[in-house]
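Student: Quick mapping for you: the protein sequence lines, in order, are chains A and B.
Residue 10 is where the first sequence starts when you use my numbering, and the numbers rise one by one after that.
Residue 2 is where the second sequence starts when you use my numbering, and the numbers rise one by one after that.
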Amino acid sequence: MSTATLKEDTKQKPLGGRFIGATANYIDERTSLSGFVKELGRKIFPDHWSFMLGEIALWAFVAVFLSGTFLTFFFQASMAPTHYVGAYAPLRGVEMTAAFESALRISWDIRGGLLVRQIHHWAALVFIAGIGIHMLRVFFTGAFRKPRELNWVIGFVLFILALAEGFTGYSLPDDLLSGNGLRIIDGMIKGLPLIGTWTSFLIFGGEFPGDDIVGRLYTMHILLLPLLVIGMIVLHLMLMVINKHTQFRSRTHQRQRRGLPDDAGLHVEDGRLLLHCVRRDRPDRLVLPDPAVLGLRPLRPVTHLGRYAA
Amino acid sequence: MLFPIESGLAIDIRHNNMYIGIGIAFALLALGIGAIHWSKALMSDKEYIEHRHPTRGKDATRAAAVQAFSEANEDSGFGRRAVIRNSLIAAVIASILPGLTLFRGLAPHNNSHGNPIAGDPVALLKHTMWEKGMRLARDPEGTPIRAADVTLGSAFHVIPEPLAELGHEEGYMEEKAKAIVLLMRLRPEQLIEAEDRKDWSYDGIVAYSKVCTHVGCPVALYEQQTHHLLCPCHQSQFDVTDHAKVIFGPAARPLPQLPIAVDDEGYLIAQRDFTEPVGPSFWERH
Numbered sequence: 010m011s012t013a014t015l016k017e018d019t020k021q022k023p024l025g026g027r028f029i030g031a032t033a034n035y036i037d038e039r040t041s042l043s044g045f046v047k048e049l050g051r052k053i054f055p056d057h058w059s060f061m062l063g064e065i066a067l068w069a070f071v072a073v074f075l076s077g078t079f080l081t082f083f084f085q086a087s088m089a090p091t092h093y094v095g096a097y098a099p100l101r102g103v104e105m106t107a108a109f110e111s112a113l114r115i116s117w118d119i120r121g122g123l124l125v126r127q128i129h130h131w132a133a134l135v136f137i138a139g140i141g142i143h144m145l146r147v148f149f150t151g152a153f154r155k156p157r158e159l160n161w162v163i164g165f166v167l168f169i170l171a172l173a174e175g176f177t178g179y180s181l182p183d184d185l186l187s188g189n190g191l192r193i194i195d196g197m198i199k200g201l202p203l204i205g206t207w208t209s210f211l212i213f214g215g216e217f218p219g220d221d222i223v224g225r226l227y228t229m230h231i232l233l234l235p236l237l238v239i240g241m242i243v244l245h246l247m248l249m250v251i252n253k254h255t256q257f258r259s260r261t262h263q264r265q266r267r268g269l270p271d272d273a274g275l276h277v278e279d280g281r282l283l284l285h286c287v288r289r290d291r292p293d294r295l296v297l298p299d300p301a302v303l304g305l306r307p308l309r310p311v312t313h314l315g316r317y318a319a
Numbered sequence: 002m003l004f005p006i007e008s009g010l011a012i013d014i015r016h017n018n019m020y021i022g023i024g025i026a027f028a029l030l031a032l033g034i035g036a037i038h039w040s041k042a043l044m045s046d047k048e049y050i051e052h053r054h055p056t057r058g059k060d061a062t063r064a065a066a067v068q069a070f071s072e073a074n075e076d077s078g079f080g081r082r083a084v085i086r087n088s089l090i091a092a093v094i095a096s097i098l099p100g101l102t103l104f105r106g107l108a109p110h111n112n113s114h115g116n117p118i119a120g121d122p123v124a125l126l127k128h129t130m131w132e133k134g135m136r137l138a139r140d141p142e143g144t145p146i147r148a149a150d151v152t153l154g155s156a157f158h159v160i161p162e163p164l165a166e167l168g169h170e171e172g173y174m175e176e177k178a179k180a181i182v183l184l185m186r187l188r189p190e191q192l193i194e195a196e197d198r199k200d201w202s203y204d205g206i207v208a209y210s211k212v213c214t215h216v217g218c219p220v221a222l223y224e225q226q227t228h229h230l231l232c233p234c235h236q237s238q239f240d241v242t243d244h245a246k247v248i249f250g251p252a253a254r255p256l257p258q259l260p261i262a263v264d265d266e267g268y269l270i271a272q273r274d275f276t277e278p279v280g281p282s283f284w285e286r287h
């Protein structure tokens, strides 16, 4: 090692010891990452709970994504007829589609399967509810105005995509609810002027219900729609960083934003949101979770609903 | 192994899911409490101020961007060579169009699966499998129904007798989705019947399509005392005493009636197929 390098090392005195310093140096020399950290590392985050609503939606999406990935390891997106032979006695030997059979298998025969299905369903509900409340906050505080109109539109597209994810997911287990939900969509498509009949025919691969729809919706549900959602979230967050958060009206704060630095993405503020709820609301006003939260009662009991039988 | 589920007992499944769930919930709660406590106890609560800058680029930056754009335009001749440029744009658009024809493959063509009308959605939607003399049978067993079995006030979920023999590959679900019928017996004097439909019922027994004319849900809820049929999806109600006309809700048309009769052995049979397409409206319906 040359004297010049030694000199540099002693001069820099990296934070957090030799290893972290060396790692940061390795990365920065190859990515210029220090510039991003300088700009974003102490990015100011407003100290008001309503700015966390969008983040609730974001983290709900992360939960949906992780639990959904687990489910894909076991779900069979096929409408081929098969017979269930798993643990749930009342449906053993009954003819059903492979999709419903695998939904049953996930619920009854896979370790923690029902729990993950329930997490997926609940997180999806929180995702959509979070988007809805976040949109209300943005709307009623006027945060959608210039220069944030585009981000409002992107957010609205995200809301529609989330609903599309919800619908396609609802249709996958091929239980009674799936079948009736699809039948309603089929009826709505058939009602389209001029193109309705053929559109329905093309989507379902022939007459309702056909053998194709679950597989096709699965591609939408786990590939196309999530790609669009992730792309839109990236755009949404980029525009938020560019335009910065809004600020509640005040005489002195017109040209400033106040808040606490978010410390390189360590969002302890998320925890503070929970604290706010507990501190400000009387305990008796807290809504108790549905027993389904604990897995004591399933949210979508495919077992009790049974397969779709027209 | 922790929480085994190999035995296949319902209680094992419940415990398995519940303990894993409680474990995850406890871990996440502990993390949350830790983060909150850290922020409250160790971090400063100091407010920082950050100055806003307009999102619009500085004039110099914008001028440089315009400069870059015009230089690129100059280099490529994109603005000058209008004919070549427009033919390029047209070619890119045209290259997409052949791809659209691939999507015809989403739906079956004529004669697939040996069905002569398989490639014609309109023909398919206008017919069900009901035929003259076909017996009305219980859903899903497929056992035929005698007129005498249908006691006053009762309701039956009905399929065509041969449907029960159809396999999945032979279009069981597709045929069933169109052919399902609800059968009810009222007192004959309660029925209001149009002249041309006088012989469509048998001794107070009437059969109506179970597919809602709104968007196709099964109109499966029969109110015995009021003789109303209720669709659970969007609350359309149909009056069974009066040609299943719509008395509430979004449905646009009465439920189609299946003309029925009784054969020599006392079983209920269809006189013919429905006289109009069942289910929701579609463009080519009339």
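Beta carbons are placed, not taken as given, at the ideal position from N, Cα and C, and that holds for glycine.
Remember, predicted model here, so these are calculated numbers, not experimental data.
Does E1/B have its Cβ less than 8 angstroms from a Cβ in chain A?
Tutor: There is simply no residue 1/B to check, as chain B begins at 2 and stops at 287 in what is shown.
Student: Going straight from the alpha carbon of I65/A to that of M249/A, what length do you get?
Tutor: Cα to Cα, the separation comes out at about 16 angstroms.
Student: Could you have a look at H215/B and say whether DSSP puts it in helix, strand or coil?
Tutor: H215/B: coil per DSSP, three-state reduction.
Student: Per DSSP, A262/B is paired with what?
Tutor: Looking at the DSSP assignment, A262/B forms a beta bridge with I270/B.
Student: As an exercise, report each continuous alpha helix (DSSP H) stretch of at least 4 residues that is fully enclosed by the segment 55–92 of chain B, in chain order.
Tutor: Taking only runs of at least 4 residues, the alpha helix (DSSP H) segments lying wholly in the segment 55–92 of chain B are 60–77.
Student: With 16 other CB atoms within 10 Å as the buried threshold, where does F157/B fall?
Tutor: By the neighbour-count rule (16 or more Cβ atoms within 10 Å), F157/B is buried.
Student: Using only alpha-carbon positions, find the residue among H228/B, S210/B, C232/B that is nearest to C218/B.
Tutor: The option with the nearest alpha carbon to C218/B is C232/B.
Student: Under the rule that 16 or more other beta-carbon atoms within 10 Å means buried, what is L234/A, buried or exposed?
Tutor: L234/A is buried by the Cβ-count criterion.
Student: Hey, would you say the C-beta of F249/B is under 7 angstroms away from at least one heavy atom of the ligand ADP?
Tutor: Looking for the ligand ADP in the displayed structure turns up nothing, as the structure carries no ligands at all.
Student: Classify D184/A as buried or exposed, calling it buried when 16 or more other Cβ atoms lie within 10 Å of its own Cβ.
Tutor: With 16 or more other Cβ atoms within 10 Å, it is buried.
Student: Of all the CB atoms in chain E, is at least one closer than 8 angstroms to the CB of F79/A?
Tutor: In summary, chain E is missing from the structure at hand, where the protein chains are A and B.
Student: Would the segment 175–188 of chain B and the segment 211–231 of chain A be scored as touching if the rule is three or more Cβ pairs under 8 angstroms?
Tutor: Flag = yes, the segment 175–188 of chain B and the segment 211–231 of chain A touch.
Student: Taking all protein chains shown into account, do 16 or more other C-beta atoms lie within 10 angstroms of the C-beta of A36/B, making it buried, or fewer, making it exposed?
Tutor: Answer is buried; the Cβ neighbour count reaches 16.
Student: List the endpoints of the continuous beta strand (DSSP E) containing Y223/B.
Tutor: Counting along the chain, the beta strand (DSSP E) containing Y223/B begins and ends at 222–224.
Student: Quick check: what's the CA-CA separation for A262/B versus V182/B?
Tutor: So the two alpha carbons sit approximately 15 angstroms from each other.
Student: Below 8 angstroms on C-beta distance, what does G205/A contact in chain B?
Tutor: Those within 8 angstroms of G205/A in chain B are F283, W284.
Student: Around the Cβ of V311/A, are there at least 16 other Cβ atoms within 10 angstroms (buried) or fewer (exposed)?
Tutor: V311/A comes out buried.
Student: Starting from the beta carbon of C232/B, find every residue of chain A whose beta carbon is closer than 9 angstroms, and list them in chain order.
Tutor: By Cβ distance, chain A contributes nothing, its closest Cβ being about 10 angstroms from C232/B, past 9 angstroms.
Student: Only counting the same chain, and skipping five residues up and downstream in sequence, which positions put a Cβ closer than 8 angstroms to that of G190/A?
Tutor: Contacts found: F176, Y179, S180.
Student: Going along chain A, which residues have a C-beta under 8 angstroms from F104/B?
Tutor: Ordered by position in chain A, the residues that pass the 8 angstroms Cβ test against F104/B are L211.
Student: Which of the residues in the segment 21–37 of chain B, read from start to end, lie with their CB under 9 angstroms from any CB of chain A?
Tutor: Within the segment 21–37 of chain B, the qualifying residues are I21, G22, I23, I25, A26, L32, G33, I34, G35, A36, I37.
Student: Can you tell me the Cβ-Cβ gap for H244/B and P260/B, rounded? I've got them flagged as a contact below 8 angstroms.
Tutor: Incorrect: roughly 12 angstroms between the Cβ atoms, too far for contact.
Student: Leaving aside the five residues before and after W117/A along the sequence, list all residues of the same chain whose C-beta is less than 8 angstroms from its C-beta, in chain order.
Tutor: Closer than 8 angstroms at the Cβ level, and outside the excluded window around W117/A, lie G95, A96, Y97, L123, T312.
Student: Going by DSSP, what residues sit across from F157/B in a beta bridge?
Tutor: BP columns for F157/B point to L184/B.
Student: Looking only at DSSP bridge pairs, what is F249/B linked to?
Tutor: Q238/B, per the DSSP bridge assignment.
Student: So G185/A is in the alpha helix (DSSP H); what residue range does that whole segment cover?
Tutor: According to the sequence provided, residue 185/A is Leu. The question's Gly does not apply to it. Taken as a continuous stretch (DSSP letters only), the alpha helix (DSSP H) holding L185/A covers 185–199.
Student: For chain B, is any of its Cβ atoms less than 8 angstroms away from the one on P202/A?
Tutor: Taking Cβ atoms only, chain B reaches closer than 8 angstroms to P202/A, which makes this a yes.
Student: Find the residues of chain A that neighbour R139/B, judging by a C-beta separation of less than 7 angstroms, and give them in chain order.
Tutor: Under the 7 angstroms cutoff, chain A gives no residues; its nearest Cβ is about 13 angstroms from R139/B.
Student: Could you pull the DSSP bridge partners for M105/A from this structure?
Tutor: DSSP, once it has assigned bridges, lists T91/A as partnering M105/A.
Student: Please state the DSSP three-state secondary structure of R126/A.
Tutor: Residue state, collapsed to three classes: helix.
Student: CA-CA distance, K253/A and T56/B?
Tutor: Taking the straight line joining both Cα atoms gives about 9 angstroms.
Student: Using a C-beta to C-beta distance shorter than 9 angstroms, which residues of chain A count as neighbours of G58/B?
Tutor: Within 9 angstroms Cβ-Cβ: nothing; G58/B doesn't reach chain A, min ~11 angstroms.
Student: Which of helix, strand or coil does DSSP assign to V207/B?
Tutor: In this structure, V207/B counts as strand in the three-state DSSP scheme.
Student: With a threshold of 16 other CB atoms inside 10 Å of the CB of S210/B, please say whether the residue is buried or exposed.
Tutor: With 16 or more Cβ atoms within 10 Å of its Cβ, S210/B is classed as buried.
Student: For the alpha helix (DSSP H) containing R15/B, list its first residue and its last residue.
Tutor: R15/B -> alpha helix (DSSP H) spans 11–42.
Student: Are the Cβ atoms of P251/B and H215/B separated by less than 8 angstroms?
Tutor: Going by C-beta atoms, P251/B is nearer than 8 angstroms to H215/B.
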